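Going by this note's numbering, the sequence shown runs without a break in its numbering and finishes at 84.
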Amino acid sequence: MPTGTPSYILIVRIISVLGMSFSLAIGLLALIGGWLLSATLSFICFIPSLGLLLIVEKKWAEQPDYSDIE
15 MPTGTPSYIL IVRIISVLGM SFSLAIGLLA LIGGWLLSAT LSFICFIPSL
65 GLLLIVEKKW AEQPDYSDIE
């Protein structure tokens with residue numbers, strides 16, 4: 015039985031949150047600046063970061079010996 019979350023899950027969480035925050039920040043700055051195409055592309059770049067996070071979290075939760083309670 016695992017005693018905690020593996021390190022690769024934590025690394026994916028950190029990278030995904032950084033990617034999501036960076037893409038939203040750039041998208042909002044571009045939107046404020048009036049660059050709609052750049053803002054749209056930045057907002058679309060949010061989706062792969064969120065998808066990576068959801069896929070890895072789902073695979074971790076599906077493990078038979080997964081327990082969130084210690």
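Each residue gets a CB set at the ideal place from its N, CA and C atoms; glycine is no exception. Just so it is clear, the structure is predicted and the values come from calculations on it, not from any experiment.
{"Asked": "Please state the DSSP three-state secondary structure of L66.", "Found": "helix"}
{"Asked": "So is S30 buried or exposed if we call it buried at 16+ other beta carbons inside 10 Å?", "Found": "buried"}
{"Asked": "Taking only the alpha-carbon atoms, compute the straight-line gap between I23 and Q77 and give it to the nearest angstrom.", "Found": "13 Å"}
{"Asked": "From this set, W74, I58, K73, which residue's C-alpha is nearest A39's C-alpha?", "Found": "I58"}
{"Asked": "What are the boundary residues of the alpha helix (DSSP H) that G48 is part of?", "Found": "Looking at the DSSP string, G48 is not in any alpha helix (DSSP H), and its letter there is neither H nor E."}
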